[in-house]
Structure formats: structure tokens, C-alpha cells
Amino acid sequence: MTVFEMLSYPFMRRALIAGGLVSLCCALLGVSLVLKRYSMIGDGLSHVSFGALAVAAALGVTPLSFSIPVVVAAAFFLLRMANHPRWNNDAAIAVMSASALAVGILVISLTTGMTTDVDNYMFGSVLAMTKADVGLSAGLSAAVLVLFVLFYHRLFAVTFDENFSRATGLKVDAYNTLLSVLTALAIVLGMRMMGAMLISSLIIFPALTAMRLQKSFLGVVISAGISAVGCFVVGLTASFVLSAPVGATVVAVDLAVFLLACLFRQLKSRGAAGAK
Amino acid sequence: MNNRELLACRDVSLGYEGRPLLTHLNLEVRAGDYLCVVGENGSGKSTLMKCLLGLLPPLAGEIRRAPELRRGAIGYLPQQTRAQRDFPATVYEVVLSGFLNQGGLRFFYTSAQRAGALMNLGKLGVLELKDRCYRELSGGQQQRVLLARALCAAGALLILDEPITGLDPAAAQDLYKTLRYLNESEGMAVVMVTHDLTAALQSARTVLHIGRSSWFYGTAAEYLRSPEGRRFQKEGNA
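Residue numbers (this note's numbering), protein chains in the order written: chain Y, 5 to 280; chain H, 42 to 279.
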């Protein structure tokens, strides 16, 4: 059995645990981000985290200790930008993404040179997960899960209607900040395995798939979590069997499931129309 | 007690970044009042809304808000956003979220709150939509659901921002009828920003008209006789 063979490698076990947990976090956070039309923030953050990793490598510091503060700061900034009434938000985020990418590539090529490291940062590597990463992923997902359960109703209210929530005294900005900080952490943890170019799909795909299938917010949250973890496990196994890059394989599985969900919804709505 | 003051503006100036849109405004809203705010786009209606809701401080003057309003017990019906129209949530989930202002640090809804949500859905005649998905409803139904949520949050005051935008005339009439019922039978004070002057004047007791450089505040009958009222009516009918 390939699955047992796969699990006999310690790095695959680490990738499975850490990746599954990060996928779960990304999916839960992603439901809110996608519904609030903040998908671009996830994309922007992944590019910033690429730049931060490159700079960290050039400076010779541990990647996480440098990139976590940088990406969290970027999350604050991007959120401010997305909510600014007079800025051209999507253009500003696109500019920031490209700039962070350019800085990262320049720093790498001027110091270590364009090595396989760059390739790994961009498109991910299954070997990237260390024991410390597994611990951090477990801690992060525990934090996300606890916060999600405790503040579930408030997160729903803030996601559904910021204006109403603000008027009735919820601290909307605090919840938005919490959301983007947790997203920043999930992206930093996940990007070395999934790749800077691909990590944002972990945030966006599960939410989109779940929105096709479910009618309630609770249903969307639960199905997003299930589909994210399921797609990751299938993708990781497939990448092991096919010797394909893990990031791209997981995204391909996510895409396939999303298309199936679209098809299912089409058929269902046609069936409902036919019944009438 | 029945006539207690909920909101009062004393010599208030409103605007952004030091540029006033509206100056020396005085008005008050008491329990059971029905106030319509009318005026052209960009005259400062939404800015006034934000100040009444406590989201924006006035440039000058004082806005007094009853203690329960300061705690968030306002039934606010905001304008719908594009993102909301296809939001995956059941009607029940949406309406319950109106109770979050009472929460303190409670993390789940109480059974009294669950019952209250159902009662408010019933009051607005949309109880049978309870398990339907919000995005599958018609514009009028969505507006009723949001109004039910506002009732969950409200103590004695509803604030509505252009509630009939996007509704067909019949749905708009229904909504006005519901508001009149809530105002007359439930004693709920209503503050409504609207473009639809004719319909609004049927139920409003007081009118605030915000013009480019001046404003008018008085009863509906006084407003119809005022120069602002006559001009606005003429434009509305043309």
C-alpha cells in the first residue's frame, strides 16, 4: 500500500500533520475572508512572505522568526488598505504583491544566487516541514479552532454585516485584525510546503467549494474545513505516488473538487427548476 | 416615561476632516416618534446617520443618546452591500445575530434569545422562511429579515438607511405598512433616511430636510408648507 509506504517516511508524516492542520486553519479563516471580499489579502500576504523568507535567508536568520513579524505587519497594512475609502484597493494590493516578489528575487539573486531554494519558496517542497513547524502548526490550529468556536457568532455577524455590527457595539476592527493576523501566521507556516504562488488557494478554494454546496453559514464553515483537509490528504498522497510537487498537486485536487461542486449545484438547480 | 428622549442634537455640526456639511442642527427623537430624513445625495444624510449611531463624532455641538443606545441597543437597518446578496446563511442565523449586542462575554445564544428571534420573524410575517438561505430570498424578503434582526437588537429605536432601495413598489408599500405597525402598535421610534418623500410623508410625524446650505426640521404638515418641502415635492413629481 502506497499510503503505508508514504507514512513510513518521517518527513511525509510531518508534512501530513502540519499541512493538514494548516489547511484546516486556512479554510476556516478563508470563509470569512472570501465572504468579506478580502481574498486578495491572502494573495498579497503570500507574496510578502516570499519576500520576507528571501531576506531572512540573505541575512542568515531563522526564516520564521523574521517572516512572522514582517507578514503580520503586512497583514495590518493590507487590511487598512482594503478598508480605505479613497484608495484603489485592488491595485494597491497588486502593487504590493509584485513589489514584495521583486524585492525577494533581487535579494536572493544578489546574495546566494538563484538556487533551488528560490524554486522551493515559490512552488513549495514537501521536505520543508521540520519538527518545530509541526509544533507551531499544531499550536496555531489549536488557537484558530478555539477562537473560531468561542467567537463563532461574532465572526458571523462581522462577516455578514460590518455596518450593523459596528452600530450595535461589536468591535469590528478588532475582529478584522484578529482574522488577518491569524491568516498571516497560517500563510507563513504553510507557504514553504505549498509555495508562495500557491498557498492562497488553500484559503480561497475550500470556501468557494463549500459555498456551492451549503445553505447555512455553519454548513459552509464545516464543509470548508472537511474539503480542505480531504483535498490536502488526497493531494499529498497523489504527489507522493506521482512524484509531483505537493503544492501544485493539492491545488489541482482543490480545483477538481470545486468544479465538481459547481457541477453538482448546476444539476441541483436544474433539477429544482424541472420539478416546478 | 413614555415620552422620554432617545436622541437629541444640540447645535451640532457634521462633516468630514473639518469640512462641515451641516451646521447648527437641533433635533430630538423621543420614544414613539417617526422621523424621516430627506435631502439630495451628498447633502449629509448618511453622515448624520453615522453620528446618530455613534460611529462618527460631530465636529461641534452635542449629540445626546439614551444610555441603552450607547450600549448598542439600536435597531439599525443599513443599506445592503453587494457581498450580502449572495451570502450563504440561513434566515435564522442572520436574525439571531441581532442579539449579539446583549452578549457581554457570552459566547452562545440563550434560549430566550432563540425564542425572541422566532417571535420577531413572526412579527414581520417571515417565520416560514426561517430555514431558507438568505441569498435565495427576494429583495423584499431580505429586507424583512434584516428588519427582524434590527428588532432583536432594538430597545426602543429603529434607524433605517434607504430601506426601499431596490424594492418594487408593492414590496416598498408593504415595508412602510410594517414600519407603521411597529411604530403605532409596538411604540417603536423610527428614524428613516429615504428618497421616497410621498410615501414617507404618509407615516412620518416629523421631517428633517437637509439642503445644500440650510435645513428644515418640523412636523410633516409644516414641512409640506415650507419652501424646501414645496420645491422637493415638485422635483419628486417631475
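Glycine included, each C-beta is placed from N, C-alpha and C at the ideal position.
Using the DSSP secondary-structure output, state which residues sit across from residue i in a beta bridge.
{"i": "D237(H)", "result": "Partner(s): none; D237(H) has no beta bridge."}
{"i": "R106(H)", "result": "L48(H)"}
{"i": "V79(H)", "result": "H250(H)"}
{"i": "G139(H)", "result": "Looking at the DSSP assignment, G139(H) forms no beta bridge with any residue, so it has no partner."}
{"i": "F257(H)", "result": "H250(H)"}
{"i": "R268(H)", "result": "Note that residue 268(H) corresponds to Pro in the displayed sequence, not to Arg. For P268(H), which the question treats as bridged, DSSP gives no partner whatsoever."}
{"i": "P249(Y)", "result": "DSSP output for P249(Y) lists no bridge partner at all."}
{"i": "P14(Y)", "result": "DSSP lists no partner for P14(Y)."}
{"i": "R71(H)", "result": "E46(H)"}
{"i": "R60(H)", "result": "Y57(H)"}
So, under 8 Å CB-CB, residue i and residue j are touching, yes? Tell me the CB distance rounded to an integer number of Å.
{"i": "L48(H)", "j": "I251(H)", "result": "Their Cβ separation, rounded to whole angstroms, is 16 Å, which puts L48(H) and I251(H) out of contact at 8 Å."}
{"i": "F160(Y)", "j": "S138(H)", "result": "6 Å"}
{"i": "V250(Y)", "j": "C235(Y)", "result": "Not quite, the Cβ-Cβ distance comes to about 12 Å (not below 8 Å), so this is no contact."}
{"i": "M229(H)", "j": "A241(H)", "result": "No, M229(H) and A241(H) are not in contact; Cβ-Cβ is about 16 Å, not under 8 Å."}
{"i": "T172(Y)", "j": "N142(H)", "result": "4 Å"}
{"i": "A146(Y)", "j": "V75(Y)", "result": "A146(Y) to V75(Y), Cβ: 20 Å. No contact."}
{"i": "F209(Y)", "j": "F262(Y)", "result": "6 Å"}
{"i": "V295(H)", "j": "V132(H)", "result": "Any property of residue 295(H) remains undetermined from this structure, which presents chain H solely from 42 to 279."}
{"i": "A162(H)", "j": "V136(H)", "result": "According to the sequence as given, residue 162(H) is Leu; it is not Ala. Confirmed, Cβ separation roughly 6 Å."}
{"i": "L174(Y)", "j": "R158(Y)", "result": "6 Å"}
{"i": "I205(H)", "j": "L216(H)", "result": "6 Å"}
{"i": "V148(Y)", "j": "L186(Y)", "result": "6 Å"}
{"i": "S231(Y)", "j": "A214(Y)", "result": "6 Å"}
{"i": "L217(Y)", "j": "S205(Y)", "result": "Not confirmed; about 18 Å, so no contact."}
Could you give the residue range of the alpha helix (DSSP H) that holds residue i?
{"i": "V99(Y)", "result": "N93 to L114"}
{"i": "R84(Y)", "result": "P67 to N87"}
{"i": "S87(H)", "result": "K86 to L93"}
Quick check on residue i: does DSSP put it in helix, strand or coil?
{"i": "S129(Y)", "result": "coil"}
{"i": "P99(H)", "result": "coil"}
{"i": "A279(H)", "result": "Because A279(H) sits at a pLDDT of 44, beneath the cut-off of 50, its placement in the model cannot be relied upon, and the point is left open."}
{"i": "S54(H)", "result": "strand"}
{"i": "R41(Y)", "result": "coil"}
{"i": "R126(H)", "result": "helix"}
{"i": "Y117(H)", "result": "strand"}
{"i": "L66(H)", "result": "strand"}
{"i": "M42(H)", "result": "Because the pLDDT of M42(H) is 44, which lies under 50, any placement of that residue in the model is unreliable, and the question is left without a value."}
{"i": "T131(H)", "result": "strand"}
{"i": "F149(H)", "result": "coil"}
{"i": "A256(Y)", "result": "helix"}
{"i": "G23(Y)", "result": "helix"}
{"i": "R111(H)", "result": "helix"}
{"i": "T6(Y)", "result": "helix"}
{"i": "T241(Y)", "result": "helix"}
{"i": "R269(Y)", "result": "helix"}
{"i": "G48(Y)", "result": "helix"}
{"i": "R90(Y)", "result": "coil"}
{"i": "A245(H)", "result": "coil"}
{"i": "G55(Y)", "result": "helix"}
{"i": "R229(Y)", "result": "With the sequence shown as reference, residue 229(Y) is identified as Gly, and Arg is not the correct amino acid for it. Of the three classes helix, strand and coil, the one that applies to G229(Y) here is helix, per DSSP."}
{"i": "G117(Y)", "result": "coil"}
{"i": "G234(Y)", "result": "helix"}
{"i": "G64(Y)", "result": "coil"}
{"i": "G275(Y)", "result": "helix"}
Does the distance between the C-beta of residue i and the nearest non-hydrogen atom of the ligand HEM fall short of 7 Å?
{"i": "R274(Y)", "result": "Inclusion of the ligand HEM in the displayed structure is not the case, the ligand content being empty and no account of it being possible."}
Checklist entry - Quick one: complete beta strand (DSSP E) runs, 3+ long, within the segment 140-221 of chain Y? => result Complete beta strand (DSSP E) runs here, min 3: none at all.
Item to check | Every unbroken beta strand (DSSP E) within the segment 156-239 of chain H, with a cutoff of 3 residues, ordered by chain | outcome: 198-202 and 230-234
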